[in-house]
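For the sequence shown, position 257 (counting from the first letter as 1) is numbered 257 according to the numbering used here, and the numbering increases by one without interruption.
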Amino acid sequence: MYVLFKIFAVLTLVFLLNGCAEKMLTVNLTDESTTKGHFVSFGDLKGWQNEDHTEALRLLNAACLSGRLPPSLSQLCSLSQDTANAREFFETHFHPFMLASETGDERLLTGYYEPQFQGSLQPGPNYPYPLYKRPKDIVNIELASVYTDLENRRFYGRLEGKRVVPYYSRHEINEGRLNEKPLCYLKSDIDRFFLQVQGSGRIILENNETIFVGYDGQNGHPYRSIGKALVESGAIAQDEISLQSIRLWLNNHPDDTKKVLESNPSFVFFDKRTKAASGAMGIELTAMRSVAVDKSKIPLGYPLFLSAVNPLNGSELDRIVYAQDTGGAIKGQVRADLFCGSGKKAEALAGGLRSPLQLYLLIPDKMTELISKSSSLR
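Quick look at the structure:
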């Protein structure tokens, strides 16, 4: 039996102030994820009846062809390709699991997009900022087998003699401490920083050739939001913070740019890709349907249903999305980063998207039955 079906449900009763008890379920759907919440019905999902279920199913079928879905989902592929009623397929073969907000969770939907920058394969006065591959000397430190409280934490470092020490910070990498041949070079450190935030992009070389680059790990230092730092310093008002306002401030304060960017010690590495933006699963991302998640909480490949608001026009964002990517700033259960596509419209939406979020994981019904037998939720 696949490990995904080896579900060990741990139930705790959370007593509410009114004296009623809500049963909270903790499940391990993959070896990497621990998910908390409770089951609801499709009727509880605001906007479910207005969803384009046919389009959502088409994307599931496309993911099936990739061969990269977890077994519990790939077993549904033959059924998903033969169904005539997409909504009925989801309601028959999945059960919505409302994700619980944990301490410190922001319950937040943000956005990202695929940017495009000018670059060169050779360094020079116009292209001084290297875009690095994952270094050969970076060490992945696994401690979960000894310290179970670290099972959802990842540590990266480097060997210094017989010691493992933290890997180089953004400041140290900027000083030239990294011994790695760059993939290419960019004109602006601001461009490089925002490419690292987005996780993938297109580099237009001097001969007009386009190379696609995508996330290939990071240095292990914590992600610190420069937007938050600029708000706290009074440089930008809280209600004005966006990708666009941050870039504008940095462009207008060149003497402060290096210090602000290096206040975030996290540094992202890239690799060449053969196609446009693809996420952590290696599946090409779909605008408004792919999300980056915290994979220690939400298993990659799974469909989710999200409810949020589009800040550009106030319309409701209620839709099926797929957990196909990860991001250093995406931490927590009720937290997602929506891929908005490429181009100016995508940039505008991604830059301004900060919406309160309700998030539901769609769990395959066969797995739901196993969980329910243990928990008596139904």
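We put the beta carbon where it would ideally sit given N, CA and C, even for glycine.
- Query: Which one or two residues does DSSP pair with R163 in a beta bridge?
  - Reply: For the purposes of this step, residue 163 is identified with residue 163 of the sequence shown, where counting begins at 1. The partner list for R163 (beta bridge, DSSP) reads E160.
- Task: Express the C-alpha separation of G176 and P135 in angstroms, rounding to a whole number.
- Result: Here residue 135 refers to the residue found at position 135 when the sequence shown is read from its first residue. Here residue 176 refers to the residue found at position 176 when the sequence shown is read from its first residue. About 13 Å.
- Does the segment 70–88 come close enough to the segment 158–168 to have 3 or more Cβ pairs within less than 8 Å? no
- Got a sec, what are the start and stop residues for the beta strand (DSSP E) P115 sits in? Mapped onto the sequence shown, residue 115 falls at position 115. Premise fails: P115 is in no beta strand (DSSP E) and is neither H nor E.
- Message: Please return the same chain residues whose Cβ sits closer than 8 Å to the Cβ of Y185, not counting the five positions on each side in sequence.
- Response: Counting from 1 along the sequence shown, the entry for residue 185 is found at position 185. For Y185, where only same-chain residues beyond five positions count, the Cβ hits under 8 Å are G119, S120, L121, Q122, P123, G124, Y127, P128, Y129, P130 and L131.
- 6 Å Cβ shell around P299 - same chain, five flanking residues per side excluded: Within the sequence shown, residue 299 is the residue found at index 299, counting from 1. Result list for P299: L29, T30 and S33, in chain order.
- CB-CB length for H93 against L76, believed under 8 Å: Residue numbering aside, residue 93 sits at position 93 when the sequence shown is read from its first letter. Residue numbering aside, residue 76 sits at position 76 when the sequence shown is read from its first letter. That belief holds up - the Cβ atoms of H93 and L76 are roughly 6 Å apart, short of 8 Å.
- Going by the beta-carbon positions, is the gap between L243 and G328 smaller than 7 Å? By 1-based counting over the sequence shown, the position of residue 243 is 243. By 1-based counting over the sequence shown, the position of residue 328 is 328. Taking 7 Å as the Cβ cut-off, L243 and G328 do not qualify as a contacting pair.
- Helix, strand or coil for A21, going by three-state DSSP, please let me know. Looking up residue 21 in the sequence shown gives position 21. Unreliable positioning characterises A21 in this predicted model, as indicated by a pLDDT of 42, which lies under 50. The coordinate reading is nonetheless provided below. Three-state DSSP puts A21 in a strand.
- Query: With respect to the alpha helix (DSSP H) encompassing D255, which residues constitute its N-terminal and C-terminal limits?
  - Reply: By one-based count along the sequence shown, residue 255 stands at place 255. P254 to E262 is the span of the alpha helix (DSSP H), which, as asked, contains D255.
- Task: Report yes if the C-beta distance between L304 and F193 is below 7 Å; otherwise report no.
- Result: Locating residue 304 in the sequence shown gives position 304, where the first residue counts as 1. Locating residue 193 in the sequence shown gives position 193, where the first residue counts as 1. Their beta carbons are not under 7 Å apart, which means L304 does not touch F193 by this criterion.
- Message: Considering only the alpha carbon of each residue, which of F39, R158, T26 and L25 lies closest to D365?
- Response: Mapped onto the sequence shown, residue 365 falls at position 365. When only C-alpha atoms are compared, the closest one is F39.
- Message: Is the beta carbon of F339 closer than 7 Å to that of R273?
- Response: Indexing the sequence shown from 1 puts residue 273 at position 273. Indexing the sequence shown from 1 puts residue 339 at position 339. Not closer than 7 Å, so no.
- Query: Taking the alpha carbon of G301 as the point to measure from, which residue in A308, S101 and G282 has its own alpha carbon closest?
  - Reply: Position 301 of the sequence shown, counting from 1, holds the residue named residue 301. Comparing Cα positions, the closest option is G282.
- Would you call I173 buried or exposed, if buried means 16 or more other Cβ atoms sit within 10 Å of its Cβ? On the sequence shown, residue 173 is found 173 positions in, with the first residue counted as 1. Its Cβ being crowded by 16 or more others within 10 Å, I173 is buried.
- Item | Unbroken stretches of the beta strand (DSSP E), 3 residues or longer, contained in the segment 290–319 | 290–293 and 303–309
- Query: Since R247 contacts Q116 with CB under 8 Å, what's their CB separation in whole angstroms?
  - Reply: Residue numbering aside, residue 247 sits at position 247 when the sequence shown is read from its first letter. Residue numbering aside, residue 116 sits at position 116 when the sequence shown is read from its first letter. Contact flag wrong, Cβ pair sits at about 14 Å.
- Item | Which residues DSSP lists as bridging Y132, in chain order | For the purposes of this step, residue 132 is identified with residue 132 of the sequence shown, where counting begins at 1. In DSSP, Y132 forms a bridge with P182.
- Message: I'd like to check one pair, L317 with L108: are the Cβ atoms closer than 7 Å?
- Response: As a position in the sequence shown, residue 108 is number 108, starting the count at 1. As a position in the sequence shown, residue 317 is number 317, starting the count at 1. Result no, Cβ atoms of L108 and L317 do not sit closer than 7 Å.
- Message: Is the beta carbon of V334 closer than 7 Å to that of D191?
- Response: Start at 1 with the first residue of the sequence shown, and residue 191 comes out as number 191. Start at 1 with the first residue of the sequence shown, and residue 334 comes out as number 334. Not a contact, by the Cβ cut-off of 7 Å.
- Task: Name the one or two DSSP bridge partners that E209 has.
- Result: Start at 1 with the first residue of the sequence shown, and residue 209 comes out as number 209. For E209, which the question treats as bridged, DSSP gives no partner whatsoever.
- Would you call the CB atoms of L205 and K133 closer than 7 Å? What you label residue 205 is simply residue 205 of the sequence shown in a count that begins at 1. What you label residue 133 is simply residue 133 of the sequence shown in a count that begins at 1. Not a contact, by the Cβ cut-off of 7 Å.
- Hey, out of G332, T110 and V197, whose CA is closest to D294's CA? One-based indexing of the sequence shown puts residue 294 at position 294. It is G332.
- What is the rounded straight-line gap between the Cα of G157 and the Cα of R224? Here residue 157 corresponds to residue number 157 of the sequence shown, with the count starting at 1. Here residue 224 corresponds to residue number 224 of the sequence shown, with the count starting at 1. Each residue's alpha carbon lies about 18 Å from the other.
- Could you check what DSSP says for Q75 in three-state terms: helix, strand or coil? Against the sequence shown, residue 75 aligns to sequence position 75. Correct three-state label for Q75: coil.
- What distance in whole Å lies between the Cβ atoms of D256 and D216, which are believed to be in contact at a cut-off of 8 Å? For the purposes of this step, residue 216 is taken as the residue at position 216 of the sequence shown. For the purposes of this step, residue 256 is taken as the residue at position 256 of the sequence shown. The pair is not a contact, with the Cβ atoms about 30 Å apart (cut-off 8 Å).
- Item | Residue of P96, L285 and M24 minimising C-alpha distance to G43 | As a working note, residue 43 is residue 43 in the sequence shown. Per the Cα distances, P96.
- Query: Quick one: is T35 buried, meaning 16 or more other Cβ sit within 10 Å of its Cβ, or exposed?
  - Reply: Locating residue 35 in the sequence shown gives position 35, where the first residue counts as 1. Result: buried.
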